[in-house]
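Yeah, the sequence shown ends on 329 if you go by full-length UniProt numbering, and it's all consecutive.
Glycine is no exception: its CB is placed at the ideal position from the N, C-alpha and C atoms.
Single-structure report; data block below.
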Amino acid sequence: MQNIKTTIAIIVGIIILLIGTLFYISRHKPELVIQGEVAANRVDISVRVQGRAVDLTADIGDSVKKGDLLLQLESPALEGQLATSEAQYKVAVANRDVVYSTRPETIEAMRAQYEKAEADLLLAKSNLDRMEGAAPRGGVSQQNLDVARNSFSSAMEAAAASKANYELAVSGSSSEQKKLADAQVEQALAAFNQVKSDYEALTVKAPSSGQVTVRVAEVGQLYNPGTPLYSIVDMGNLWLTFNIREDYLNYAAVGDHFSIFVPALKQNIEVEIQAINPLGQFANWHATKATGDFDLRTFEVRAKPIQQEAGLLPGMSVIADWKSRRRSE
């Protein structure tokens, strides 16, 4: 009888212990510790035209500003193309000037011819009038009268032609010739600007401010278009990124503040959630049940430090106790 009571007491004690343990577990859920990473904007700089490196002015670790010279390339072929295209542009401009203008000497010569033709026309007209007046009295033969009339007609044609030549010299070429000359200048200018742009690309400048983190360029090396040269990271705009499964997003909202631990610095940093974005359609899916009833996606939670911390660098790990915080209401 005593053994039965003892056994019952042990069983009751075990049941109470299990109930207490389950109650404790239900009230004290395990922490969810997530690991993130410090990130920053990175700009990769590559070659746009073929050239050989002749001078390096930036190295790994250097801080540069937008527009600072990083690398100088040289290309004799591009230099020759630039000189040729510039000369072709100047020739096109000169040809257009010829079409649009006439030399003063030419205009003066045409004017003199026109004035002479007008004088010859007046003389022929006076001679014809005199002969036509004398013809009725028999003082002029019919043959001489016909000659005077032909001379007057020729003088009129010569005067008209001289006038047209003079006006053409003053006004210049036709509108069609001018349009053609303008188009040739535009074509030559476009070709020159293209070669000039390629030539200017031999001078590689920083597209943004930041710190040089990668340098591939070496003096004397020949680089083809698209070859990477430098990488620049904006150290003044750091953020932190975490990959969180969507069933834990009830612990986060844009604008929330929370503390993260940076092992490299051995200190906590206060951050603010800036964005919550889904990752790729087929990336980081998680089946919640063995039968695959439904899947959960992974989201990127991006946060920024409330204050910039000295020593914080891209690539550093950060740790957050995710369940110890609650979503802001």
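From the options, residue whose alpha carbon lies closest to that of residue i
i      : options                           : result
Ala40  : Gly210, Leu249, Leu145 and Pro278 : Gly210
Val47  : Glu270, Tyr199 and Gly80          : Tyr199
Ala206 : Ile11, Leu32, Ser63 and Lys196    : Ser63
Asp234 : Gly255, Phe192 and Leu313         : Leu313
Leu71  : Gly220, Met316 and Ser85          : Gly220
Gly226 : Thr6, Val49 and Leu17             : Val49
Asp97  : Arg297, Asp182, Ala252 and Met316 : Asp182
Ala58  : Ala252, Glu218, Glu79 and Ala190  : Glu218
Val204 : Leu56, Leu17, Ile11 and Ala310    : Leu56
Beta-carbon gap between residue i and residue j smaller than 9 Å
i      : j      : result
Ala53  : Leu73  : yes
Ile107 : Val185 : no
Val212 : Ser231 : yes
Asp177 : Val99  : Rather than Asp, the amino acid found at residue 177 in this sequence is Gln. Yes, these two residues count as a Cβ contact at 9 Å.
Ser162 : Lys116 : yes
Gly36  : Phe242 : yes
Ala159 : Asp120 : yes
Val93  : Trp239 : no
Asp247 : Ile273 : no
Asn193 : Phe152 : no
Ile276 : Leu296 : no
C-alpha distance - residue i paired with residue j, whole-angstrom precision
i           : j      : result
Pro136      : Glu118 : 29 Å
Lys66       : Ile45  : 13 Å
Ala264      : Leu279 : 27 Å
residue 354 : Arg42  : Residue 354 is absent from the structure shown; the chain starts at 1 and stops at 329.
His286      : Lys304 : With a pLDDT of 46 at His286, under the threshold of 50, the modelled position of that residue is not reliable, and no figure is offered here.
Pro76       : Val271 : 53 Å
Gln88       : Val195 : 12 Å
Thr288      : Arg215 : Low per-residue confidence applies at Thr288: pLDDT is 46, beneath 50, and the placement is therefore not dependable, though the value from the model is reported in the following sentence. C-alpha separation (whole angstroms): 45 Å.
Ile269      : Ile260 : 5 Å
Gly236      : Leu32  : 30 Å
Arg326      : Ile34  : In this prediction, Arg326 scores a pLDDT of 47, lower than 50, which makes its location untrustworthy; no coordinate-derived value is stated.
Asp146      : Lys179 : 48 Å
Lys125      : Asn165 : 22 Å
Leu189      : Ser101 : 21 Å
Gly80       : Arg111 : 46 Å
Leu168      : Asn95  : 18 Å
Leu122      : Ser175 : 34 Å
Leu78       : Ser197 : 10 Å
Ala310      : Tyr251 : 29 Å
Ser306      : Gln267 : In the sequence as displayed, the identity of residue 306 is Ile instead of Ser. Rounded to whole angstroms, Ile306 to Gln267 spans 14 Å at the Cα level.
Ala134      : Asn150 : 17 Å
Ile19       : Phe258 : 34 Å
Gln308      : Ile10  : 60 Å
Thr291      : Ser208 : Residue placement at Thr291 is poorly supported in this model, since its pLDDT is 45, which falls under 50; the coordinates still yield a value, given next. Cα-Cα distance, rounded: 51 Å.
Gly61       : Ala83  : 38 Å
Tyr223      : Pro104 : 54 Å
Ala187      : Gln113 : The residue asked about is misnamed: residue 187 is Gln in this sequence, not Ala. C-alpha separation (whole angstroms): 39 Å.
Thr6        : Met316 : 59 Å
Inter-residue CB distance, residue i and residue j (contact presumed, cutoff 8 Å)
i      : j      : result
Ala51  : Leu202 : For clarity, residue 51 is Gly in the given sequence; the question names Ala instead. Yes, they are in contact, since the Cβ atoms of Gly51 and Leu202 sit about 5 Å apart, within 8 Å.
Ile244 : Val301 : 5 Å
Asn144 : Met156 : Between Met156 and Asn144 the Cβ distance is about 19 Å, and since that is not below 8 Å, they are no contact.
Ser85  : Ala191 : 5 Å
Any non-hydrogen atom of the ligand SAM within 8 Å of residue i CB
i     : result
Lys65 : Only the bare structure without any ligand can be found here, which leaves the ligand SAM out of the picture.
(message) I'd like the ranges of any beta strand (DSSP E) spanning at least 3 consecutive residues and lying wholly in the segment 228–265.
(response) 228–245 and 257–262
(request) Tell me the start and end of each unbroken alpha helix (DSSP H) in the segment 136–196 that is at least 4 residues and wholly inside, in chain order. (result) 142–171
(message) Just to confirm the assignment: which complete beta strand (DSSP E) runs, minimum length 3, are found wholly within the segment 295–327?
(response) 298–305 and 317–321
(message) If we require 3 or more residues per run, which beta strand (DSSP E) segments fall completely within the segment 72–119?
(response) none
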